[in-house]
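Okay, so here's the structure we're looking at.
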Amino acid sequence: MPKTAYERVKLARQMERPTSQYFMSRLFTDFIELHGDRRYGDDGAIIGGVGRFNGMPVTVIAEEKGKDLAERTRRNFGAPHPEGYRKALRLMQQAAKFRRPIICLVDTQGAYCGKGAEERGQGEAIAENLAEMMDLQIPIVSIVLSEGGSGGALALAVADRVAMLENASYSVLSPEGFASILWKDASRAEQAAEVMKIMAADLKELQIIEEIIPEPEGGAQHNPEEVAAAMAGYLERQLKELMAEDYTTLPEKRYRRFRAL
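For the record, in the sequence shown the residue sitting at position 214 is 271 according to the numbering used here, with numbers rising by one throughout.
Printed below as a string of C-alpha cells:
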C-alpha cells in the first residue's frame, strides 16, 4: 500500500483504477442516462440520469474520465465543461421535484479551463451549482473516487454526506499546481502533497468528510467488487438516515456543515 500522500495521488491517477461507470454498473439498476443542459449541448465528462439503488429511485450524477485513451479523449479526461455542470444542476432540480435522493460520484482533476469553457461561463456554472445545491430539499450524498480537484469537484460535492475512497485525493488544486505556484517548481509535488493535507485520512480528521471507504492492498483496481460492496453499504446507511429526516431541514443543516469548515 502506498505510504506517502503523493504515492496515493499517483495510484489514484492510474488508468487501471475503476471509474464512475464501473461503480454505477454495480450500484444501480434500471439506469437511464439523460443528456444535455437544454442551453448548449451535452458533456461526456459528466454522466447523469435516473436509476434504482436497492430498488429505490435515485438520481445519479458522476464525473467520468474514461477507461482507455480513446474514451478519455472523448470524455475530455473527466474535465467537465460548463454544459456538464448545467446538465448536473438540471438533473438535481428534477430530483428535488420528484423527491429522489441524489448520489454524486466525484472524479476529476478539475473543471476544463479552455477558452471555449470560459466563454460559455465555466465559473458561473460552478457557482450556480454550489448555490443551488445548498438549497435543495432532498438528500445528497457524494463520494470522491480518485481525484477531487478544486471547484470542478465541489460542484458535485455540496452534500449532506461526503465520503472518499481510501486512496483518493480532494484538494483546491493538484500537488504539481501547488508546487508551481508556491515554490515555482513543479518537481516539488511530493512535498506539496504532504503539506496540502489532501488525502482521505487528513480530510476526515479535519471533518471535511465523514467517512473513508477502504480499498484493498494495492488500490481499488485490485478488487473493485470489494470496493463497490463497501460503497453500497455506505450509501445504504447514509440514505436510510437522511431519508428519515424532515427534508425541509436539510438545507439549513447542509449550510451549517459547510460554514463550519
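Ideal placement from N, C-alpha and C gives every residue a C-beta, glycine not left out.
* Ordered list of alpha helix (DSSP H) runs contained in the segment 241-287, each at least 4 residues -> 246-253, 257-262
* To do: Counting only runs of 4+ residues fully inside the segment 127-188, write out the alpha helix (DSSP H) ranges in chain order.
  => 139-155, 172-176
* For the ligand SAM, is there a heavy atom less than 7 Å away from the beta-carbon of I160? -> With respect to the ligand SAM, the structure offers nothing, as it holds no ligand at all.
* By the 10 Å Cβ neighbour count, where 16 or more other Cβ atoms means buried, how is F235 classified, buried or exposed? -> Within the sequence shown, the letter at position 178 stands for residue 235. Buried.
* Sequence-distant residues of its chain with Cβ nearer than 8 Å to E121 (five each side left out) -> Within the sequence shown, numbered from 1, the residue matching residue 121 stands at position 64. Only T76, S77, Q78, G101, A102, I103, I104, R132, G135, D164 meet the Cβ criterion.
* Exposed or buried, which one is Q179 when buried takes at least 16 other CB atoms within 10 Å? -> For the purposes of this step, residue 179 is taken as residue 122 along the sequence shown, with counting starting at 1. Classification of Q179: buried, given that the 10 Å Cβ count is 16 or more.
* Asked: Between which two residues does the beta strand (DSSP E) containing P114 stretch?
  -> Within the sequence shown, the letter at position 57 stands for residue 114. 113-120 is the span of the beta strand (DSSP E), which, as asked, contains P114.
* Between the Cα of A214 and those of V201, A243, G141, spot the shortest distance and give me the residue it belongs to. => Counting from one through the sequence shown, the residue named residue 214 turns up at place 157. Ranking the options by Cα distance to A214, first place goes to V201.
* **Beta-carbon gap between E56 and A127 smaller than 8 Å** => Since the displayed the chain opens at 58 and closes at 318, residue 56 lies outside it and no answer follows.
* **Per-residue DSSP class, three states only, for T306** => Indexing the sequence shown from 1 puts residue 306 at position 249. Residue state, collapsed to three classes: helix.
* Could you tell me whether the Cβ atoms of L146 and D217 are closer together than 8 Å? => Against the sequence shown, residue 146 aligns to sequence position 89. Against the sequence shown, residue 217 aligns to sequence position 160. No.
* **Sequence-distant residues of the same chain with beta carbon closer than 7 Å to Y291, five excluded per side** => Counted from its first residue, the sequence shown places residue 291 at position 234. For Y291, where only same-chain residues beyond five positions count, the Cβ hits under 7 Å are A220, E268, I270.
* To do: Starting from the N-terminal side, write out each stretch of the alpha helix (DSSP H) that is 4 residues or longer and does not extend beyond the segment 195-249.
  => 207-211, 232-240
* Start and end of the beta strand (DSSP E) containing R109? -> Along the sequence shown, one-based indexing puts residue 109 at 52. First-last of the beta strand (DSSP E) with R109: 103-110.
* **Counterpart residues of E90 in DSSP-defined beta bridges** => In the sequence shown, counting from the first residue as 1, residue 90 sits at position 33. E90 is bridged to G106.
* Say whether chain D places a C-beta atom closer than 8 Å to the C-beta of S199. => In the structure shown, chain D cannot be found, because there is only a single protein chain.
* **Helix, strand or coil at E293 [DSSP, three-state]** => Here residue 293 corresponds to residue number 236 of the sequence shown, with the count starting at 1. Correct three-state label for E293: helix.
* Asked: Are the beta-carbon atoms of L187 and L148 separated by less than 8 Å?
  -> For this step, residue 187 is matched to residue 130 along the sequence shown. For this step, residue 148 is matched to residue 91 along the sequence shown. Cβ atoms of L187 and L148: not closer than 8 Å.
* **Beta-carbon contacts of M256 that lie in its chain and below 7 Å, excluding the five residues immediately before and after** => Here residue 256 corresponds to residue number 199 of the sequence shown, with the count starting at 1. Only A62, R65, S226 meet the Cβ criterion.
* Applying the criterion that 16 or more other CB atoms from any shown protein chain within 10 Å of the CB defines a buried residue, is Y142 buried or exposed? -> In the sequence shown, the residue the question calls residue 142 occupies position 85. So Y142 counts as buried.
* Taking the alpha-carbon positions, what's the V198 to R245 distance? -> In the sequence shown, the residue the question calls residue 198 occupies position 141. In the sequence shown, the residue the question calls residue 245 occupies position 188. So the alpha carbons of these two residues sit roughly 34 Å apart.
* Using the C-alpha atoms, what's the distance from E223 back to A301? -> As a working mapping, residue 301 is identified with position 244 in the sequence shown. As a working mapping, residue 223 is identified with position 166 in the sequence shown. Rounded to whole angstroms, A301 to E223 spans 28 Å at the Cα level.
* Return the first residue and the last residue of the alpha helix (DSSP H) that E64 is part of. => Numbered from its first residue, the sequence shown carries residue 64 at position 7. 62-69 is the span of the alpha helix (DSSP H), which, as asked, contains E64.
* Asked: According to DSSP, is D100 helix, strand or coil?
  -> Residue mapping note: residue 100 aligns to position 43 of the sequence shown, counting from 1. Coil.
* On the premise that Q166 lies in contact with E204, defined as a C-beta separation below 8 Å, what is that separation, rounded to the nearest angstrom? -> Looking up residue 204 in the sequence shown gives position 147. Looking up residue 166 in the sequence shown gives position 109. Going by Cβ atoms, the distance from E204 to Q166 rounds to 5 Å, so yes, they are a contact pair.
* Asked: Within 10 angstroms of its Cβ, does Q295 collect 16 or more other Cβ (buried), or is it exposed?
  -> By 1-based counting over the sequence shown, the position of residue 295 is 238. It is buried - the Cβ of Q295 has at least 16 other Cβ atoms within 10 Å.
* Asked: Assuming I265 and L318 make a contact with CB atoms under 8 Å, what is their CB distance in whole Å?
  -> Looking up residue 265 in the sequence shown gives position 208. Looking up residue 318 in the sequence shown gives position 261. Rounded, the Cβ-Cβ distance is 6 Å, consistent with contact.
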